[in-house]
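Comments concern the structure below.
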Amino acid sequence: MDIGVVLQCDPPALRLVDLAVRAEALGFSHVWTFDSHLLWQEPFVIHSAILGATRKVTVGPMVTNPANRDWTVIASTFATLNDLYGNRSICGIGRGDSAVRTLNGKPATLATLREAIHVIRELANSRSADYGGRRLRFPWSHGSELELWVAAYGPKALELTGRVADGYILQLGDPDIAAWTIGRVRAAAEAAGRDPMAIKFCVAAPAYVTTDNSPESMALARDQCRWFGGMVGNHVADLVKRYGTEGEVPAALTDYVVGRAGYDYNDHGKVGTSHTEYVPDEIVDRFCILGTPADHLAKLAVLREIGVDQFAVYLQHNDKRATLESYGENIIPALHTPVQAIEDIA
157 MDIGVVLQCD PPALRLVDLA VRAEALGFSH VWTFDSHLLW QEPFVIHSAI LGATRKVTVG
217 PMVTNPANRD WTVIASTFAT LNDLYGNRSI CGIGRGDSAV RTLNGKPATL ATLREAIHVI
277 RELANSRSAD YGGRRLRFPW SHGSELELWV AAYGPKALEL TGRVADGYIL QLGDPDIAAW
337 TIGRVRAAAE AAGRDPMAIK FCVAAPAYVT TDNSPESMAL ARDQCRWFGG MVGNHVADLV
397 KRYGTEGEVP AALTDYVVGR AGYDYNDHGK VGTSHTEYVP DEIVDRFCIL GTPADHLAKL
457 AVLREIGVDQ FAVYLQHNDK RATLESYGEN IIPALHTPVQ AIEDIA
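Residue 400 in our numbering is what sits at position 244 of the sequence shown, and the numbering runs on without skipping anything.
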């Protein structure tokens, strides 16, 4: 299993570059960033700086969108990064959330997302694509390679992912929900005539490493990661509007948003926000990975068993460097040992 890290583009940008360099040295495989240019700094500029300062890590947004970024510009950016730094970029993409809603826009439709994925993939892989009534190709791009990984929660978005995506991003760490989404994606891939085992799966969630499991340590970890339950709940609320609470979406994902009052994008992804007070400890424990290194290894072993290829650590809390160091020293090395050895450690 690969381990990635997800960084928020808060200034100063050089701090993100520093964290990315350290993550690479500690064995992390991917460096992802938020993409919401109004709330934070421009991610693609930061991606270039990270790629220039590193040698091996794969870098990209988690996630960009086709609603407020021109598809040809997205493709050109990735093709340029690949030309500069080798094929080390990756495109996480979805319908759009904070990047469009903070501008009073609407997320892209699934049909638009599907078309955008095709155009971006073809152009960023040095091929031709139809766009705006013209056949386009970057004459300067040769040998660029880009995978597109789709972030999704709902049944129709999961079906689209299985039909067209190179990878799937689930932004929560609950194994039961992960198994459900992976199953839906693989079923859609098989129905489309694709190899369902060829799609890569990434679970992204906050991780907070503690020295023990005392009530005080666990309470601190939960409070530092509770914001994530609010962020996921904001997406889930849209699913409830569309599918209800008795539909195709598991109750394990939808039930907890009953007490949700609203969401303030000014506090998107921030610790201690008031709009997450409704999120219970149980949800934080299920959606995140908290506790000692042994606790992290135990949950990662479960995720790997159900088909997760990468766990991406959301690094938005008060212990960023200690979390990186603990993963690099205690968790990533153990993941490279045989499965039985990991179970013994956990």
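For each residue, glycine too, the CB sits at the ideal point set by N, CA and C. As the structure is a computational prediction, the values presented were derived from the model and not from experiment.
Mind reading off the beta-carbon distance from residue i to residue j? Whole number of angstroms is fine, and I expect it under 8 Å.
i, j, result
"A468", "W196", "The pair is not a contact, with the Cβ atoms about 17 Å apart (cut-off 8 Å)."
"Q327", "V365", "So it is not a contact: roughly 20 Å between Cβ atoms."
"V219", "I249", "5 Å"
"S300", "D239", "7 Å"
"G463", "I325", "No, G463 and I325 are not in contact; Cβ-Cβ is about 14 Å, not under 8 Å."
"A344", "G310", "Not a contact, Cβ separation roughly 12 Å."
Residues in the same chain with beta-carbon distance under 6 Å from residue i, minus the five sequence neighbours each way, listed in chain order, please.
i, result
"P399", "In the sequence under discussion, the amino acid at residue 399 is Tyr, which differs from the Pro named in the question. Cβ neighbours of Y399 beyond the five flanking positions: V405."
"H452", "I445, I487"
"K356", "G323, D465"
"A272", "P222, W227"
"A205", "V173"
"P362", "C381, F384, C444, Y470"
"L491", "M157"
"H203", "V215"
"I230", "I276"
"D437", "R378"
Who does residue i pair with in a DSSP beta bridge?
i, result
"H186", "G160, T214"
"S245", "V215"
"L446", "Y364"
"L292", "A285"
"Q466", "D158, C358"
"L304", "C247"
Rank the options by C-alpha distance to the C-alpha of residue i and give the top, closest one.
i, options, result
"V427", "L480, I246, V458, L471", "L471"
"H274", "W305, D253, P295, Y434", "W305"
"S185", "T214, G208, F200, V413", "T214"
"K312", "G252, A267, R382", "A267"
"G415", "D441, G386, F443", "G386"
"E180", "D475, E315, R290, V161", "V161"
"R178", "S282, A209, R319", "A209"
"W227", "Q164, A285, K212", "A285"
"E315", "Q164, P331, T236, L269", "L269"
"A150", "K476, E461, V396", "Absent from the model: residue 150. The displayed extent of the chain is 157 to 502, so no value can be given."
"I276", "F294, T429, L409", "F294"
"F190", "S373, G216, E438, W296", "G216"
"A454", "E303, G329, T479", "G329"
"E394", "K262, L207, D166", "The displayed chain sequence assigns Asp, not Glu, to residue 394. Considering only alpha carbons, the answer is K262."
"N281", "G252, G403, L237", "L237"
"A407", "T479, W336, I159, T265", "W336"
"N224", "T265, R211, L207, N243", "T265"
"A307", "G289, H391, Y241", "H391"
"Y412", "S430, R442, E372", "R442"
Going by beta carbon distance, what residues of the same chain come within less than 8 Å of residue i, once the five residues before and after it are set aside?
i, result
"D368", "T448"
Excluding five sequence neighbours on each side, which residues of the same chain lie with their C-beta closer than 7 Å to the C-beta of residue i?
i, result
"G484", "L182, G183"
"S254", "S192, L195, Y421, H424"
"T233", "F200"
"R382", "T432, V435, V440"
"S482", "V365, P449"
"C165", "L172, T189, F190, W196, Q197, P199, I202"
Practice task
Counting only runs of 4+ residues fully inside the segment 218-278, write out the alpha helix (DSSP H) ranges in chain order.
Solution key: Correct list: 227-241, 254-257.
Extract the residue ranges of the beta strand (DSSP E) inside the segment 306-338, only unbroken runs of 3 or more that lie entirely within it. Fully enclosed beta strand (DSSP E) runs of 3 or longer: 323-326.
Exercise for review: Could you tell me which uninterrupted beta strand (DSSP E) segments, each at least 3 residues in length, are contained entirely in the segment 338-397, listed from first to last along the chain?
Suggested key: Correct list: 356-365.
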